[in-house]
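Asks:
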Amino acid sequence: MKALFKWVLRITLALVLAAVVVGVWKREEIQRLLAVNSLFSEEKIVQNFSHMDEAFLTANLPRGNGPTWELPYGPGFDLPEGTDDWIEDRAVTSLLVMQDGQIRFEEYYLGTGPDDRRISWSVAKSYLSALLGILLDEGAITSLDDPVVKYAPYLTDSAYETASIRNVLNMASGVVFDEDYFDPNSDINRMGRVLALGGELDDFTIALKDSFAEPGERWQYVSIDTHVIGMVIRGATGRSVTELMTEKIVQPLGLERDGYYVTDGAGVAFVLGGLNFTTRDFARFGQVILQGGEHDGEQLVPAEWIKESTWPSAPTEPGKIGYGYQWWIPVGAHEGEFLARGVYGQYMYFDQPRGVLIMTTGADRKFRDPGVNEQNVEMFRSIAQSL
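Take the position in the sequence shown, starting the count at 1, then add 323; the result is the number in our numbering.
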């Protein structure tokens with residue numbers, strides 16, 4: 324009887340412990356879901372965008388032990404008329420203007436500061452484009468015209484079965500994906516809940532079955548296309564995007580602070596929007612792109628890839644904004660004018676002939692209002708031309 328009592332006691336303690344463990348796990352899961360549901364609320368959005376590691380699982384992008392790439396300060400200048408109103412209207416949280424490798428203007432707003440690691444949102448797509456260009460140059464990927472299933476066979480029987488790498492780079496996969504951030508039942512918001520609840524983005528992507536056009540036929544911005552690029556990279560190399568991004572891009576840049584990726588429950592990087600760096604560290608990457616992929620005597624990103632990927636090769640509508648390989652080309656752009664763009668006001672703008680890079684972060688809840696992107700581009704052009 325005594326032995327039976329001890330056995331029952333052990334079982335009871337084990338069950339209690341298991342309940343505690345499950346309770347903690349569920350509490351963390353629920354906390355992440357609640358954080359996601361209030362991520363863009365007016366009273367929390369600025370704070371949230373500097374602390375995404377409090378709402379999601381993450382993976383570190385260590386800067387390494389190398390020296391910091393010092394960004395020298397050049398002469399100041401007067402911002403164009405109307406900039407102050409634009410900063411307020413667009414809920415800008417940081418604005419950094421560089422010319423010829425020197426910081427000409429740097430300021431932080433709405434309680435943010437230079438040490439804040441801000442969420443990039445879709446600016447992260449352009450980082451992934453650079454990484455893919457490096458791997459293509461190294462021979463890990465044979466051709467942009469290879470089908471994605473060559474490297475990511477799990478996509479067989481999905482809507483991506485006949486798409487090529489070039490198609491997904493161009494956002495021309497033809498896959499049905501609702502990108503409405505204001506519809507709680509849209510695909511982009513369902514994907515956000517998968518992240519919050521520790522699900523797997525590969526499973527989410529494989530489950531997409533519907534297409535609205537043949538691959539390469541029509542352009543439509545489909546963020547999940549970028550996740551497929553990540554799947555291709557992982558399949559081609561047998562390594563994680565986090566590891567490759569750290570080795571090939573992050574550590575050679577001489578950043579001030581470690582960065583981090585938001586990840587899913589399997590530790591897979593949220594490559595379509597999950598990068599977090601300081602504004603100056605975003606600018607270090609931008610400066611490498613601006614100067615043709617070279618830094619400190621080393622060719623980090625192939626110059627030809629930068630030229631090719633920032634060319635408007637996607638089948639966008641005539642007279643509309645152009646798209647390359649995960650880079651935007653504004654209407655009326657001159658050669659060497661392009662940008663990376665993320666929701667809620669994240670931008671990395673390039674004017675190569677003028678040697679100008681503009682990095683801005685924001686918390687603009689009206690970013691989808693008609694004409695906002697065009698107004699932002701015109702402001703960047705005005706700043707560049709006033710230097």
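From the three backbone atoms N, C-alpha and C, an ideal C-beta is built for every residue, glycine too.
Hey, would you say Asp469 sits closer than 8 angstroms to Ile488, going by beta carbons?
Replies: Cβ atoms of Asp469 and Ile488: closer than 8 angstroms.
Asks: Can you say whether Phe593 is buried or exposed, counting buried as having 16 or more other CB atoms within 10 angstroms of its CB?
Replies: Under this definition Phe593 is a buried residue.
Asks: How many angstroms separate the CA atom of Thr565 from the CA atom of Asn696?
Replies: If you take the alpha carbons of Thr565 and Asn696, they lie about 30 angstroms apart.
Asks: Spatial neighbours of Gln708 within its chain, please: C-beta separation below 7 angstroms, excluding the five flanking residues on both sides.
Replies: Correct list: empty, nothing qualifies.
Asks: Here's a check: name, in chain order, each residue in its chain whose Cβ is nearer than 7 angstroms to the Cβ of Gly515, leaving out the five neighbours to either side.
Replies: The residues are Val359.
Asks: According to the neighbour-count rule (16 or more other Cβ atoms, all chains shown, within 10 Å of its Cβ), is Asn493 buried or exposed?
Replies: It is buried - the Cβ of Asn493 has at least 16 other Cβ atoms within 10 Å.
Asks: When you compare each of Leu362, Gln669, Val654 and Tyr504 to Lys448 by their alpha carbons, which one comes out closest?
Replies: Lys448 has its Cα closest to that of Gln669, out of Leu362, Gln669, Val654 and Tyr504.
Asks: Quick one: grab the DSSP three-state call for Phe328.
Replies: Any reading at Phe328 is ruled out, since the residue's pLDDT is 45, under 50, leaving its predicted position unreliable.
Asks: Report yes or no: do the region 361 to 371 and the region 571 to 589 share at least 3 C-beta pairs separated by less than 8 angstroms?
Replies: These segments do not touch.
Asks: If we ignore side chains and look at the alpha-carbon of each, how far apart do Val331 and Val551 end up?
Replies: Note that Val331 scores a pLDDT of 44, beneath 50, so its modelled location is shaky and nothing firm can be said.
Asks: Starting from the Cα of Trp628, find the closest Cα among Pro638, Ile612 and Pro641 and give me that residue.
Replies: Answer by Cα proximity: Ile612.
Asks: When the Cα of Ser495 is compared with those of Phe608, Phe372, Tyr646 and Glu429, which residue comes out closest?
Replies: First, the residue type needs correcting, since residue 495 is Ala and not Ser in the sequence shown. The shortest Cα separation from Ala495 among Phe608, Phe372, Tyr646 and Glu429 belongs to Tyr646.
Asks: So, are the CB atoms of Pro403 and Ser705 less than 8 angstroms apart?
Replies: Yes, the Cβ-Cβ distance between Pro403 and Ser705 is below 8 angstroms.
Asks: From which residue to which residue does the alpha helix (DSSP H) around Thr549 run?
Replies: It spans Ile547 to Thr560 - the alpha helix (DSSP H) in which Thr549 sits, taken as one unbroken run.
Asks: Return the first residue and the last residue of the alpha helix (DSSP H) that Gln698 is part of.
Replies: First-last of the alpha helix (DSSP H) with Gln698: Val695 to Ser709.
Asks: Restricting to runs no shorter than 3 residues, where is the beta strand (DSSP E) found entirely within the region 348 to 431?
Replies: As far as the region 348 to 431 is concerned, its whole beta strand (DSSP E) runs of at least 3 residues are 380 to 384, 415 to 422 and 425 to 431.
Asks: Tell me whether Glu534 sits in a helix, a strand or coil according to DSSP, three-state version.
Replies: For the sequence presented, residue 534 should be read as Ser rather than Glu. Looking at Ser534 - three-state DSSP - the assignment turns out to be strand.
Asks: Of all the options Gly678, Gln675 and Pro653, which has the alpha carbon lying nearest to the alpha carbon of Met702?
Replies: Answer by Cα proximity: Pro653.
Asks: Candidates Arg513, Ala453, Val679 and Thr684: which alpha carbon is nearest Pro742's?
Replies: Nothing can be reported for residue 742, as the shown portion of the chain is limited to 324 through 710.
Asks: Thinking Gly665 and Gly596 are a contact (beta carbons under 8 angstroms), I'd like their distance in whole angstroms, please.
Replies: That belief holds up - the Cβ atoms of Gly665 and Gly596 are roughly 7 angstroms apart, short of 8 angstroms.
Asks: Specify the secondary structure class of Gly515 as computed by DSSP and reduced to three states.
Replies: Helix, per DSSP.
Asks: Taking the C-alpha atoms as reference points, what is the distance between Arg386 and Asn508?
Replies: Answer to the nearest angstrom: the Cα atoms are 38 angstroms apart.
Asks: With Leu478 as the anchor, note down where its beta strand (DSSP E) starts and where it stops.
Replies: Unbroken run through Leu478: none, as it is neither H nor E.
Asks: When you compare each of Val499, Tyr648, Pro395 and Leu419 to Glu430 by their alpha carbons, which one comes out closest?
Replies: Glu430 has its Cα closest to that of Leu419, out of Val499, Tyr648, Pro395 and Leu419.
Asks: Can you tell me whether Ile488 is helix, strand or coil according to DSSP?
Replies: Helix.
Asks: Pick helix, strand or coil for Leu433, following the three-state DSSP scheme.
Replies: Coil, per DSSP.
Asks: Can you look up Asp501 in the DSSP assignment and give me helix, strand or coil?
Replies: Note: Asp501 maps to coil in three-state DSSP.
Asks: Between Ala637, Ile529, Ala463 and Asp501, which has its C-alpha nearest Glu484's C-alpha?
Replies: Of the listed residues, the one whose Cα sits closest to Glu484 is Ile529.
Asks: From Phe328 to Glu523, what distance separates their C-alpha atoms?
Replies: Residue confidence is low: Phe328 scores 45 on pLDDT, short of 50, so the model does not pin down where it sits. No coordinate-derived value is stated.
Asks: Relative to the C-alpha of Ile464, which residue among Gly558, Phe605 and Thr639 is closest?
Replies: Checking every option, the nearest Cα to that of Ile464 belongs to Gly558.
Asks: Evaluate the contact criterion for the region 405 to 424 versus the region 679 to 688: three or more CB pairs, one atom per stretch, below 8 angstroms.
Replies: Result yes; three or more Cβ-Cβ pairs closer than 8 angstroms.
Asks: Confirm, please, whether the CB-CB distance from Leu458 to Ile556 is below 8 angstroms.
Replies: Yes.
Asks: What do you get for Ala589, buried or exposed, if any count of 16 or more other CB atoms within 10 angstroms of its CB means buried?
Replies: When all chains shown are included, Ala589 counts as exposed.
Asks: Taking Leu531 as the reference, which of Gly539, Ser546 and Trp542 has the closest Cα?
Replies: Considering only alpha carbons, the answer is Ser546.
Asks: Assign Thr479 to buried or exposed, taking buried as 16 or more other Cβ atoms, counted over all protein chains shown, within 10 Å of its Cβ.
Replies: Counting Cβ neighbours within 10 Å, Thr479 comes out exposed, since fewer than 16 surround it.
Asks: Between Asn383, Phe505 and Leu455, which lies nearest to Ser361 when the distance is taken from Cα to Cα?
Replies: Minimum Cα distance to Ser361 is reached at Phe505.
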